[in-house]
Amino acid sequence: MPKTATVERGALELVIERSGRVESSRSEEVRLELEAFSGPVTVKDIVRRNGAVKAGDPLVMLEGKEFEKGLEDLRVQAAETQRRLVMQKEERAMQVRQSIAALERATLASDLAQQALELHRDYESKKGLEMADLGLKGSLDGLRDNQDELTQLEKMYAGTSLQSETKDIVLERARRGVERGEIYAKFARRDNEIFKAIRAPNDARRVEDQAKYSKLDLESAQLQQRLGEIRAELDIASSARALRDVERRLEKMEGDAARLRVKAPADGYVVVRVKDVGDQVQPRQELAQVVDLSKLRVRGTMNADALRVMKQGDVAAVWFPSRPELRGEAVVDELVVVGAPEGDGAAFPFVASLRSVDGSVFPGIEARLVIRGTLADRVLVPSKAIKQDKGRFTVKVLADDKQAEREVRVGASDGTKTEVVSGLQAGEQVVMPDA
């Protein structure tokens, strides 16, 4: 007769051990984060390598020749832009005063030209024409007077006994006066014609044009004043905007200069990642890591059996293979129920906070979580009675002195006994394999 075992219903005590790695639950990476500068920087000095630090402790000093030159150029540019803006404002104040004075001059010139035009129309034009006629009349009257005088003298001296020389002198003088009068009269007529035909209209046009041009000059001065104000405002606004841009860039570069002096962001244990002085550092490169040793946790994976008795918030015992004398507890903070393939089963990530451990536990060492639980009222068979082949589980059932292979679906196992979910009932006999 083959050796058999009876299928029983009872409780299954599970003791599952899962491995994980200790890490700090609170750590900060220190990276090269520069806002404005994107060029190369190198390690100037490594102040600390590894060890306990306080927030603000210096860790690494960085430098860059192009950075220093760029920072100094920005400082000079900011100062020059500031002075240029002050100069533009002072020039604007002077331009305002000059514009007001120019507008006053243009206004006065326009008023005087308009006044001259009105005076010319009301008085000067008529006066000029009348004075021209009066001048012509004077010349003609003078000529007529000379002619009358000559005629009178000729009559007087015709019957006198004056000597011939004296008479000739008097008459010749009178004749010369008449000749001069005729010439004066001729030019006076021509002058009168020219004045009325050319000079008087030209004078009138000149006065009118002067009034028109003065008015245009006034309008131009007013327009230039408005445009000057707009142009000055735009220039000052542009310079102010340029100054703000330079100051923002300078502020970022000054911030980068401070960030080149790498400091610990918090209290904890620092691990410096850079190796040697002179090494070039790339943007976003990790320079150091500061971990809080007072807040440790274990990160690892659970198997399907562990998920049967473990849930988020449960407490598990923990020990450390590298320090087997140490014991502690871990509280499961996170438990992902969507697993990933692992061997013939699946792995479910977990994170558990350590407690009740001393300061000799450090990040990076292995931790083992011991998970205990009881599955009550389960159908159990000896694990050796189950045969597995390509994911298929079978047992040999003895009934009526006959053996029959039967496929079963199994559940959890403590290594000695295995839960049978379906395929067997309590009281049945299963065949145990030979040793």
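Under this note's numbering, the first residue of the sequence shown carries the number 122, and numbering increases by one thereafter. Ideal Cβ positions, reconstructed from N, Cα and C, are used throughout, including at glycine. Computed from a predicted model, the values in this text were never measured in an experiment.
Contact between the stretch 155-165 and the stretch 528-548 is not established, with fewer than three Cβ pairs separated by less than 8 Å. For Ser-246, no beta strand (DSSP E) segment is defined; the enclosing uninterrupted segment is the alpha helix (DSSP H) at 246-279. Gly-389: member of the beta strand (DSSP E) spanning 389-393, first to last residue.
Every beta strand (DSSP E) stretch that sits fully inside the stretch 425-504 and reaches 3 residues is listed by chain position as 436-441, 444-456, 461-463, 466-476, 487-503. Where Met-215 is concerned, there is no enclosing beta strand (DSSP E), although the alpha helix (DSSP H) around it starts and stops at 186-240.
For Val-367, the enclosing alpha helix (DSSP H) covers residues 321-380. Gln-209 sits close to Ile-357, with the two beta carbons spaced by under 8 Å. When the alpha-carbon of Gln-410 is set against those of Glu-303, Ala-176, Val-436, Val-458, the nearest one is in Ala-176. Around the Cβ of Asn-267, a 10 Å sphere holds 16 or more other Cβ atoms; the residue is buried. Tyr-278 is a Cβ neighbour of Val-291, given a cutoff of 8 Å. DSSP places Met-423 in the uninterrupted beta strand (DSSP E) bounded by 417-423.
Burial state of Ala-306 is buried, judged by a 10 Å Cβ sphere holding 16 or more other Cβ atoms. Note on geometry: alpha-carbon atoms of Glu-293 and Leu-274 lie some 10 Å from one another. Taken through DSSP and simplified to helix, strand or coil, Glu-154 comes out as coil. By the Cβ test, the stretch 367-380 is not in contact with the stretch 137-151, since fewer than three Cβ pairs between them sit closer than 8 Å. By the C-beta density criterion, Leu-337 is exposed, having fewer than 16 other C-beta atoms within 10 angstroms. Judged by their CB atoms, Val-398 and Lys-165 are nearer to each other than the 8 Å cut-off. Leu-414 sits in coil when the DSSP states are folded into three classes, being neither helix nor strand.
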